[in-house]
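For reference, the structure discussed in these notes is given below.
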Amino acid sequence: MRARKLSLATRSMLAVLAVLALFVAACSLGRGSVAVPTPTPTAPGAARFQQSTCPFPLESGFHDGGNVRCGALLVPEDRTNPTGARISVAAAIFKTPAANPAPDPIIFLQGGPGGRLIEDFAPLIMRHTLDLAHQFGNHDVILIDQRGTGYSRPSLQCDEVVRLEFLTDRNISVQQAVDEQNKALAACHDRLTGAGVNLAAYTTASDAGDVHDLIAALGYKQVDLYGVSYGTRLALEIMRAYPAGVRSVVLDSTVPAQSHLLTSIPADMRRVFGTLFAGCAADAACNAKYPGLESTFYALVTRLNGQPVTFKTTDLNTNKTYTVVFKGDDLVNLLFQGFYAAQLIPLLPAMIDQANRGDFNHLVSLLYGGLVFDTSVSWGVYFSVECAEDVSYATADAVDAAAQTLPAAIRDGQRISLEGEIPACTAWNVGRAPASEGQPVASDIPALILEGEYDPVTPPANGDLAAQTLSHSYHYLFPATGHAVLLFNPSDCPTTIALAFWKSPAVKPDGACIAAMGEPRFQ
């Protein structure tokens, strides 16, 4: 997801899916196989797609080269030097089980920046947790590991940074954590550049060129783009730079090109916590059960910062157990991540109340083990993109001013963490992206904009901002919904709207189902 844990990250999407496995039931899906377009001939030095064995285990009913096809696009690392060093961008094509497949596939653009896609989502497709027929209709779905992520090579994974996630039993300050992170990033930087990686080449503009080349290499005339979180920023850049190959775009949890994450996080955090507290106060049962939830929460944060608690937790990926020293700032960051999934939002007031009474069992079992231990993000990609396109345009004074709008109990921790990215990016040393890339994207390509009321990091106002220059866009806000509306919603309403849009992008989908969704049913 395009977000920070604020001391490291607010997790990639699939860390949240590990938690949602507790809630989402598998569903049945027929399977089929149809032909993939024949790749078009390429000029010498042009990008080309090389088919290969799928790098992930295939589940029953899926056949390599049949209803799933894998390979890698070979492209220049530096797109200003087409004959220079080449890198590989991994892709997996899942064929629709529909009897009448559409000619235009849906290309799935992951968040982050730096989130892997294929390794995490291919199993969900094969196990039918992500239902191709139900959620994507009669379209093939193409998963791409953006350059530097997942199965793409080289990998810009920073193990130096990831290791810090597992040092959970220490009581260190936010500033100490920032200093450790920045030292680890510097070590990662030196290792990658020492291996010949051009960190400045891992950008949104380069990713857009990769997607454009993949469309051509696979022989498609047009595709539909589905972007989630940072993936929407990439989709918008493709709309700007390569519009001819795009039939339609779904922007799910939108990141407009002109937005800046570093200075917007404080306002986003204040808004989403305020939405929760106001929502509980307006709900008679929630208000009676948890009166004064807002003051309870901020008092709890202050108390935990002064007197941390210790508990045991299990990494859901490895089943290893860790001792955790848990402070108020950790609570803020953990609950902020909890807003991502619509299924978790109704549980948050109870979690706050239980923690206030010294019971951290639900926080530990439903949130901590699934959200904190995450090795899926390529931090090298994250910082190459964020440093060039966002942080390089920020100042410590601007971050400090933004942080001053936060409640006092959480202000200093967030300010220190956010300001710590500025020296980190100075050391990352990828320069500044052209100012033109931060301009609003103007397009008449049909675009469906999906936003969640409780989205913690891409607030509904982002959709409004993007829509201002998208002349053929349809904008929908979903109540009781967090991040990644189409993926993390127990309601079929977003899927119904998206399917109607993909069928007829020129026609505004009927959004009547939204009225029946209602606000969270707090537990």
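Sequential numbering of the sequence shown, starting at 1, is according to this note's numbering. Yeah, the Cβ is synthetic: ideal placement off N, Cα and C, and Gly gets one too.
Please confirm whether residue i and residue j have their CB atoms less than 9 Å apart.
i      : j      : result
Asp283 : Pro520 : yes
Ala466 : Pro256 : yes
Asp169 : Tyr322 : yes
Ile514 : Tyr476 : yes
Pro82  : His139 : no
Ser378 : Gln157 : yes
Phe108 : Ala72  : no
Val250 : Leu486 : yes
Glu77  : Arg191 : no
Gly380 : Val309 : no
Pro531 : Phe56  : The question about residue 531 has no answer here: the residues shown for the chain are numbered 1 through 523.
Val385 : Gly112 : yes
Glu165 : Thr313 : no
Val430 : Leu199 : yes
Asp268 : Ala46  : no
Arg79  : Gly245 : no
Give the straight-line distance between the Cα atoms of residue i and residue j, rounded to the nearest whole angstrom.
i      : j      : result
Val68  : Leu363 : 38 Å
His189 : Gly279 : 44 Å
Tyr382 : Tyr202 : 9 Å
Val223 : Ser248 : 7 Å
Leu524 : Val301 : An answer regarding residue 524 cannot be provided, because it is not within the stretch 1 to 523 covered by the chain.
Val24  : Asp492 : Low confidence applies here, because Val24 scores a pLDDT of 34, under 50, leaving its location unreliable and the question unanswered by this model.
Leu470 : Asn361 : 46 Å
Ala516 : Val162 : 42 Å
Ala388 : Ala433 : 5 Å
Val89  : Thr275 : 40 Å
Gly292 : Leu132 : 44 Å
Thr458 : Tyr368 : 22 Å
Leu130 : Val372 : 23 Å
Gln110 : Arg116 : 7 Å
Ser155 : Ala281 : 47 Å
Asp315 : Ser392 : 35 Å
Arg411 : Asp145 : 36 Å
Ser365 : Ile125 : 25 Å
Ile93  : Pro105 : 9 Å
Phe522 : Asn462 : 26 Å
Gly194 : Trp428 : 13 Å
Ser28  : Ala99  : Low confidence applies to Ser28: its pLDDT is 28, below 50, so where it sits in the model is not reliable enough to give any reading.
Phe121 : Ser417 : 30 Å
Leu335 : Lys221 : 44 Å
Answer with buried or exposed for residue i, where buried requires no fewer than 16 other C-beta atoms within 10 angstroms of its C-beta.
i      : result
Ser443 : buried
Asp510 : exposed
Thr318 : exposed
Arg415 : buried
Lys327 : buried
Ala85  : exposed
Gly150 : buried
Lys95  : buried
Ala216 : buried
Asp252 : buried
Thr254 : buried
Asp159 : exposed
Gln337 : buried
Gly219 : exposed
Glu453 : buried
Gln135 : buried
Ser436 : exposed
Since residue i sits in a beta bridge, which residues does DSSP pair it with?
i      : result
Tyr476 : Leu450
Asp224 : Ile106, Ser248
Arg86  : Pro76
Thr321 : Thr314
Leu143 : Ala92, Phe108
Gly71  : Gln51, Ala91
Phe373 : Note: Phe373 sits in no beta bridge, so no partner.
Val309 : Phe326
Leu470 : Ser443
Asp64  : Val68
Gly115 : Val377
Arg415 : None, per the DSSP bridge assignment.
Arg303 : Paired residue(s): none; Arg303 is not in a bridge.
Arg153 : Ser88
So with Cβ pairs under 9 Å, would you call residue i a contact of chain B?
i      : result
Arg270 : In summary, chain B is missing from the structure at hand, where a single protein chain is found.
Does the beta carbon of residue i fall short of 8 Å from some heavy atom of the ligand NAP?
i     : result
Val89 : The ligand NAP is not part of this structure, which contains no ligands at all.
Is there contact between the stretch 479 to 488 and the stretch 293 to 303, where contact requires at least three CB pairs shorter than 8 Å?
no
Quick check: the stretch 495 to 511 against the stretch 428 to 448, are at least 3 beta-carbon pairs closer than 8 Å?
Segments in contact, yes.
Do the stretch 389 to 406 and the stretch 246 to 263 make contact, defined as three or more Cβ pairs closer than 8 Å?
Between the stretch 389 to 406 and the stretch 246 to 263 there are three or more inter-stretch CB-CB distances shorter than 8 Å, so the stretches are counted as touching.
For the stretch 343 to 352 against the stretch 164 to 179, are there 3 or more C-beta pairs whose distance is under 8 Å?
no
When the Cβ atoms of the stretch 203 to 212 are set against those of the stretch 227 to 240, are three or more pairs found closer than 8 Å?
yes
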